[in-house]
Amino acid sequence: MSRVTEHRVIYAGIVAALIALLVWGVASFRQHQQSDAAMARAQQLTSELRAADLPAPNQSTIARVLGTKGGLVCSTSGSDAARGLLKLSLFVNAGSPGARPVVVSSAFLRGGELIIKTYCPEQLESYQRFLSQLRYADTVYIG
Amino acid sequence: MSSSDAAAPGGTPAAAPSRTAAAVKYISWSALAFMTVGSVASLRPAATMATYGLAAAFLYILPAIVFLLPTALVSAELASGWSGGVYRWVTDGISPNAGLIAIWGQFAMTIFYYPTLLSYVASTLAYVFNPDLAASGVYTAAVIVVVYWLGVFVALRGGIGMIARLAQSGLIAGTLLPAGLLVVLGVIFLAQGNQSAAPMGVSYILPPWAGIASLVLIVSNFMAYTGMEMNAVHVNELRKPETEFPRGMFVAIGLVLLILVLPPIAISWFVPADQLSLTAGAMQAFDAVFAHFGLDWLTPIIGLCIVVASLAGFLTWLSGPSKGLLLIGREKGFLPPFFQRTTESGAPVNILVIQGLVTTGIALLFVFLPSVSSGYWIFSVITTQTYLLVYFFIFVAAMLLRRKAPDHKRGYRAPILGILCVVGFASSLAAFLIGFVPPSQFGGGSPTAYAVFILVGTAIIGGVIPGLLIWLRKPSWQQGPAAAAEAPEPRPAPRELAG
Chain A
20 MSRVTEHRVI
30 YAGIVAALIA
40 LLVWGVASFR
50 QHQQSDAAMA
60 RAQQLTSELR
70 AADLPAPNQS
80 TIARVLGTKG
90 GLVCSTSGSD
100 AARGLLKLSL
110 FVNAGSPGAR
120 PVVVSSAFLR
130 GGELIIKTYC
140 PEQLESYQRF
150 LSQLRYADTV
160 YIG
Chain B
116 MSSSDAAAPG
126 GTPAAAPSRT
136 AAAVKYISWS
146 ALAFMTVGSV
156 ASLRPAATMA
166 TYGLAAAFLY
176 ILPAIVFLLP
186 TALVSAELAS
196 GWSGGVYRWV
206 TDGISPNAGL
216 IAIWGQFAMT
226 IFYYPTLLSY
236 VASTLAYVFN
246 PDLAASGVYT
256 AAVIVVVYWL
266 GVFVALRGGI
276 GMIARLAQSG
286 LIAGTLLPAG
296 LLVVLGVIFL
306 AQGNQSAAPM
316 GVSYILPPWA
326 GIASLVLIVS
336 NFMAYTGMEM
346 NAVHVNELRK
356 PETEFPRGMF
366 VAIGLVLLIL
376 VLPPIAISWF
386 VPADQLSLTA
396 GAMQAFDAVF
406 AHFGLDWLTP
416 IIGLCIVVAS
426 LAGFLTWLSG
436 PSKGLLLIGR
446 EKGFLPPFFQ
456 RTTESGAPVN
466 ILVIQGLVTT
476 GIALLFVFLP
486 SVSSGYWIFS
496 VITTQTYLLV
506 YFFIFVAAML
516 LRRKAPDHKR
526 GYRAPILGIL
536 CVVGFASSLA
546 AFLIGFVPPS
556 QFGGGSPTAY
566 AVFILVGTAI
576 IGGVIPGLLI
586 WLRKPSWQQG
596 PAAAAEAPEP
606 RPAPRELAG
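First to last, the protein sequences are chains A and B.
Heads up: the first sequence is residues 20 to 162, going by the numbering used here.
Heads up: the second sequence is residues 116 to 614, going by the numbering used here.
Written out as structure tokens, the structure is:
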């Protein structure tokens, strides 16, 4: 196979893989429906946020993003690798080559804690233990 | 090219004589600019930076003045006069040993960066296809390993021309379009009369002062712009490197600033800081934005766009530092012949394969060993500390080259170079020193123990390993600089490959 042909095959392979992923992604992505159950959970989370003196997005947005099970927050909150990734996300400019860890605000993680309390309370104790091992400082403005 | 250029210290001029039109595979300056932007800026940090609200702009603009500008302008001058990138600048300005330490620092950083980046790709894909996958170690490890080796395959078989094209497409589709969409939706959100979730008054431009923690936050973000110099290693592939590299650098500065500053502010209008759940990262923030407008179907598309941008950035990092290491290894005999082997397109095959094996091992440990998962962040700190050494060397080398070779032909001469170097060096030093302050992850441990751990780690990775390479160096391992610096791909005729 000539070099030019090989490059064309690689380009075609990359484009085909991306198109396949796109079609599969759009077909399989399930946005949570604004069911009564999801709206009830969203109402519960809003109350928790207000009780903690934290701002909340509108309930329909919460219901769509977190559904009835808490979405990715609850799916990953018990995994060691996900906890490791969470520590990596407590970086300024997280995810880029120049990311550096900082002393974050506790408010940074309180929303996640309340999501877990509302949607997957069985994981709350372990998550709170994780939070208690971190240092905090008030480096953000809340609401 | 005058003979005096060739006679300048170490003087491999930017446009080397062996660059024959028939042999060199060119990339355009815009492609190089996009590669630079893709390797520095993305939407990945947008969600975490959104938690700082309006202060995110300050957290990016101050570092842009004291670190980005010096780095970009000094790199532009050096790349417009010397080929080969960081290793060449530092070798000619200071010494070959310093050149090796500098390029090693850049290379070492990537070893711990790739698993982080690719695990981000894994969690984004999981968000799109099945959120439950994100909790699976096997899934995350599989994505890291498979994507890494596919990247190596593309780098080895495609060469820099293909990487430039993919980087350009990846940046446009994966970063510029989603970032633009996010900002437009943000403006519509405010125009509809909605209140911003983050306070936007003038008094919120600066982050709240919390003592040393605020200093850590501000100074640490100097590193947001690390990597601006990395693609200078490809300067030889430009048609007119002396003018095109600076041009590309200026375009890159503008795009990097736009990509980093605007999206976090737009996200902070929609989602309160406490709701930007960090485990879900940018995807949850995007999801919330689209959910507000009922455009939920856009979430998987944007998710895949972000994955594409991440992979494009990954490819540029894969091709940059490894090539620099190859060049100095060959030219000065720091690497055994085994590591000097290249593909037909000049990609350092054995360096990439060995790096791949190390990355695979690290990724597996990260995913399957809880103690490694928990402590992985600290290795990332150590390697970014090592990476800062690169900037010390660059700024010192730039000043020394102005003195040693004042008449060496440079396509671009940075204004007030001395001040730029002093400011850039001081910023790098501040970022290095602040790296010894324990962050949140260290909890209530001893600050001294933390500082000692980071210092020892930095000394081992940034000093002992390159020290061993210097000590074991053999003259018989040297190969001609021209062959190493060019590594052209044979082509029947020159053709613009990208941009």
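Heads up, the beta-carbon is just placed ideally off N, CA and C, and yes, glycines get one too.
With the cut-off set at 8 Å, would you say residue i and residue j are in Cβ contact?
{"i": "V205 (chain B)", "j": "A512 (chain B)", "result": "yes"}
{"i": "L615 (chain B)", "j": "F173 (chain B)", "result": "An answer regarding residue 615 (chain B) cannot be provided, because it is not within the stretch 116 to 614 covered by chain B."}
{"i": "I275 (chain B)", "j": "E192 (chain B)", "result": "no"}
{"i": "R119 (chain A)", "j": "S335 (chain B)", "result": "yes"}
{"i": "G117 (chain A)", "j": "Y340 (chain B)", "result": "yes"}
{"i": "P617 (chain B)", "j": "T457 (chain B)", "result": "In this structure chain B extends from 116 to 614, so residue 617 (chain B) is not present and cannot be described."}
{"i": "V155 (chain B)", "j": "G342 (chain B)", "result": "yes"}
{"i": "L215 (chain B)", "j": "L504 (chain B)", "result": "no"}
{"i": "V376 (chain B)", "j": "Y175 (chain B)", "result": "yes"}
{"i": "T358 (chain B)", "j": "G526 (chain B)", "result": "yes"}
{"i": "R445 (chain B)", "j": "Q283 (chain B)", "result": "no"}
{"i": "S383 (chain B)", "j": "A165 (chain B)", "result": "yes"}
{"i": "P178 (chain B)", "j": "F337 (chain B)", "result": "yes"}
{"i": "M75 (chain A)", "j": "T65 (chain A)", "result": "The residue you asked about is not Met; residue 75 (chain A) is Ala in the sequence shown. Contact flag set, yes."}
{"i": "P379 (chain B)", "j": "A237 (chain B)", "result": "no"}
At a Cβ threshold of 8 Å, is residue i touching chain B?
{"i": "T95 (chain A)", "result": "yes"}
{"i": "Y146 (chain A)", "result": "no"}
{"i": "L143 (chain A)", "result": "no"}
{"i": "Y160 (chain A)", "result": "yes"}
{"i": "A70 (chain A)", "result": "no"}
{"i": "T24 (chain A)", "result": "no"}
{"i": "P120 (chain A)", "result": "yes"}
{"i": "S66 (chain A)", "result": "no"}
{"i": "I38 (chain A)", "result": "no"}
{"i": "A113 (chain A)", "result": "yes"}
To the nearest angstrom, how far is the alpha carbon of residue i from that of residue j?
{"i": "V260 (chain B)", "j": "W492 (chain B)", "result": "19 Å"}
{"i": "F304 (chain B)", "j": "F385 (chain B)", "result": "8 Å"}
{"i": "D157 (chain A)", "j": "I134 (chain A)", "result": "21 Å"}
{"i": "W197 (chain B)", "j": "M514 (chain B)", "result": "14 Å"}
{"i": "P581 (chain B)", "j": "W219 (chain B)", "result": "7 Å"}
{"i": "R27 (chain A)", "j": "L426 (chain B)", "result": "19 Å"}
{"i": "P415 (chain B)", "j": "L104 (chain A)", "result": "21 Å"}
{"i": "L442 (chain B)", "j": "I477 (chain B)", "result": "26 Å"}
{"i": "L41 (chain A)", "j": "F182 (chain B)", "result": "38 Å"}
{"i": "S47 (chain A)", "j": "D55 (chain A)", "result": "23 Å"}
{"i": "C93 (chain A)", "j": "T290 (chain B)", "result": "28 Å"}
{"i": "G168 (chain B)", "j": "A312 (chain B)", "result": "9 Å"}
{"i": "W432 (chain B)", "j": "M345 (chain B)", "result": "8 Å"}
{"i": "V253 (chain B)", "j": "R362 (chain B)", "result": "45 Å"}
{"i": "L365 (chain B)", "j": "W144 (chain B)", "result": "Reading the sequence as shown, one finds Phe at residue 365 (chain B) and not Leu. Going by the C-alpha atoms only, they are around 11 Å apart."}
{"i": "A194 (chain B)", "j": "A187 (chain B)", "result": "10 Å"}
{"i": "S115 (chain A)", "j": "S157 (chain B)", "result": "7 Å"}
{"i": "Q455 (chain B)", "j": "S437 (chain B)", "result": "11 Å"}
{"i": "F360 (chain B)", "j": "T95 (chain A)", "result": "44 Å"}
{"i": "I29 (chain A)", "j": "G273 (chain B)", "result": "8 Å"}
{"i": "E459 (chain B)", "j": "A270 (chain B)", "result": "11 Å"}
{"i": "R517 (chain B)", "j": "I287 (chain B)", "result": "37 Å"}
{"i": "S79 (chain A)", "j": "A306 (chain B)", "result": "20 Å"}
{"i": "A137 (chain B)", "j": "M277 (chain B)", "result": "Interpretation of A137 (chain B) is limited by its pLDDT of 43, a score under 50 that renders its predicted location unreliable; no figure is taken from the coordinates."}
Measure from the C-beta of residue i to each C-beta in chain A and report whether the shortest distance is under 8 Å.
{"i": "M164 (chain B)", "result": "yes"}
{"i": "M364 (chain B)", "result": "no"}
{"i": "T457 (chain B)", "result": "no"}
{"i": "F244 (chain B)", "result": "yes"}
{"i": "G559 (chain B)", "result": "yes"}
{"i": "A136 (chain B)", "result": "Legend: pLDDT at A136 (chain B) = 43, less than 50; position of this residue unreliable, no value from coordinates given."}
{"i": "W412 (chain B)", "result": "yes"}
{"i": "W204 (chain B)", "result": "no"}
{"i": "Q399 (chain B)", "result": "yes"}
{"i": "L501 (chain B)", "result": "Residue identity check: residue 501 (chain B) is Thr in the sequence provided, not Leu. No - not a single Cβ of chain A is within 8 Å of the one on T501 (chain B)."}
{"i": "G418 (chain B)", "result": "yes"}
{"i": "L467 (chain B)", "result": "no"}
{"i": "Y619 (chain B)", "result": "The requested residue 619 (chain B) is not part of the displayed model; chain B covers only 116 to 614."}
Pull up the CB-CB distance for residue i and residue j, whole angstroms please, since I reckon it's below 8 Å.
{"i": "L128 (chain A)", "j": "L150 (chain A)", "result": "6 Å"}
{"i": "F481 (chain B)", "j": "A100 (chain A)", "result": "7 Å"}
{"i": "L440 (chain B)", "j": "F222 (chain B)", "result": "5 Å"}
{"i": "A217 (chain B)", "j": "V243 (chain B)", "result": "About 39 Å separates the two Cβ atoms, so there is no contact after all."}
Under 8 Å: do the stretch 228-237 of chain B and the stretch 544-562 of chain B share three or more Cβ pairs, one atom per stretch?
no
Taking one C-beta from the stretch 79-91 of chain A and one from the stretch 102-122 of chain A each time, how about it: are there three or more such pairs within less than 8 Å?
no
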